[in-house]
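Below is one structure; the comments refer to it alone.
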Amino acid sequence: MTLLNPTHSQKTLAPTPPDFKAKSAELDALLTGHWFTDLANFSAFLFHELPDLNWAGFYLSDGHQLILGPFAGKPACTTIRFDRGVCGASFSKSEALLVDDVHEFPGHIACDAASNSEMVLPVIVENECVGVLDLDSPSRARFKNEDRDGVTLWLNVLLHRCDLRPLAQTLKTRTSSP
Numbered sequence: 003m004t005l006l007n008p009t010h011s012q013k014t015l016a017p018t019p020p021d022f023k024a025k026s027a028e029l030d031a032l033l034t035g036h037w038f039t040d041l042a043n044f045s046a047f048l049f050h051e052l053p054d055l056n057w058a059g060f061y062l063s064d065g066h067q068l069i070l071g072p073f074a075g076k077p078a079c080t081t082i083r084f085d086r087g088v089c090g091a092s093f094s095k096s097e098a099l100l101v102d103d104v105h106e107f108p109g110h111i112a113c114d115a116a117s118n119s120e121m122v123l124p125v126i127v128e129n130e131c132v133g134v135l136d137l138d139s140p141s142r143a144r145f146k147n148e149d150r151d152g153v154t155l156w157l158n159v160l161l162h163r164c165d166l167r168p169l170a171q172t173l174k175t176r177t178s179s180p
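Here my numbering is used: the first residue of the sequence shown is 3, the next is one more, and so on.
Here it is, written out as structure tokens:
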């Protein structure tokens with residue numbers, strides 16, 4: 003008789019996504035309106051609510067590169083150039099990216115060698131991309147359109163409750179300075 007390794011079988015089964023709409027009220031109750039606190043709690047919320055993640059967090063623009071922001075998971079790369087990796091591509095294009103195999107992505111940055119797939123969503127404030135939300139998984143092809151849509155719903159809850167305009171203003175000031 004062959005016994006399945008429970009860890010292995012969990013990795014090969016498609017994860018069951020949460021009920022994004024139902025969990026939105028729970029997320030809303032966590033938010034305070036203070037941007038740094040809310041980004042930290044949002045990262046922890048994602049890390050615990052979404053199955054099969056090994057990292058969830060933010061990279062925020064300083065006008066010249068992306069800087070590590072609040073996150074949940076292992077220590078990460080502290081800076082990312084706008085022209086590098088999935089985060090840089092998502093930021094530069096201001097579009098969501100779902101990457102089934104990060105090792106095949108041109109310019110991929112391996113902050114954690116255990117990551118195999120990635121979903122990155124731009125964080126847009128007052129029509130400006132101020133950073134990205136980055137989710138990593140040890141499983142290949144982990145992220146689906148349903149995940150993108152659900153996490154976008156949650157990101158909109160965050161942006162509605164959390165005032166990131168000061169961050170956007172700081173970015174505008176830094177990028178317009180000589």
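Even for Gly, the Cβ is constructed at its ideal location relative to N, Cα and C. Treat the numbers as computed from the prediction; the structure is a model and nothing was measured.
In three-state DSSP terms, what is residue i?
i      : result
Pro17  : coil
Phe84  : coil
Gly90  : helix
Leu32  : helix
Cys164 : coil
Gly109 : coil
Ala58  : strand
Ser139 : strand
Glu130 : strand
Ser11  : For Ser11, the predicted model reports a pLDDT of 35, less than 50, meaning its position is unreliable and no value from the coordinates is stated.
Leu52  : coil
Arg150 : helix
Phe145 : coil
If we ignore side chains and look at the alpha-carbon of each, how far apart do residue i and residue j end up?
i      : j      : result
Leu29  : Leu137 : 17 Å
Asp21  : Ala74  : 21 Å
Tyr61  : Ser139 : 17 Å
His110 : Leu33  : 32 Å
Ala2   : Pro17  : This structure cannot settle anything about residue 2, because the visible part of the chain is limited to 3 through 180.
Ala27  : Gly87  : 33 Å
Ala42  : Val153 : 15 Å
Phe145 : Pro108 : 19 Å
Leu166 : Trp156 : 15 Å
Gln67  : Pro19  : 32 Å
Ala112 : Phe38  : 26 Å
Thr9   : Val132 : With a pLDDT of 40 at Thr9, under the threshold of 50, the predicted position of this residue should be treated as unreliable, and no value is reported.
Gly65  : Glu128 : 15 Å
Glu97  : Arg150 : 11 Å
Ala46  : Trp57  : 10 Å
Gly35  : Leu48  : 18 Å
Arg142 : Phe44  : 24 Å
Ala78  : Pro168 : 25 Å
Asp54  : Asp40  : 22 Å
Tell me the DSSP bridge mates of residue i?
i      : result
Ser117 : None, per the DSSP bridge assignment.
Gly75  : Trp57
Ser63  : Leu68
Val125 : Gly133
Leu100 : Met121
Within 10 angstroms of the Cβ of residue i, are there 16 or more other Cβ atoms? Answer buried if so, exposed if not.
i      : result
Asp103 : exposed
Glu51  : buried
Ala24  : exposed
Asn158 : exposed
Glu120 : buried
Gly71  : buried
* Does the count of Cβ pairs from the region 114–126 and the region 86–104 closer than 8 Å reach three? -> As far as the Cβ criterion goes, the region 114–126 touches the region 86–104, which means the pair count is three or higher.
* Determine contact between the region 159–175 and the region 76–83, defined as no fewer than three beta-carbon pairs at a distance below 8 Å. => The region 159–175, when compared against the region 76–83, does not touch it at the 8 Å Cβ threshold.
* **Validate contact between the region 127–136 and the region 49–69 using beta carbons, cut 8 Å, 3 pairs** => Yes: the two stretches touch, three or more of their Cβ pairs being nearer than 8 Å.
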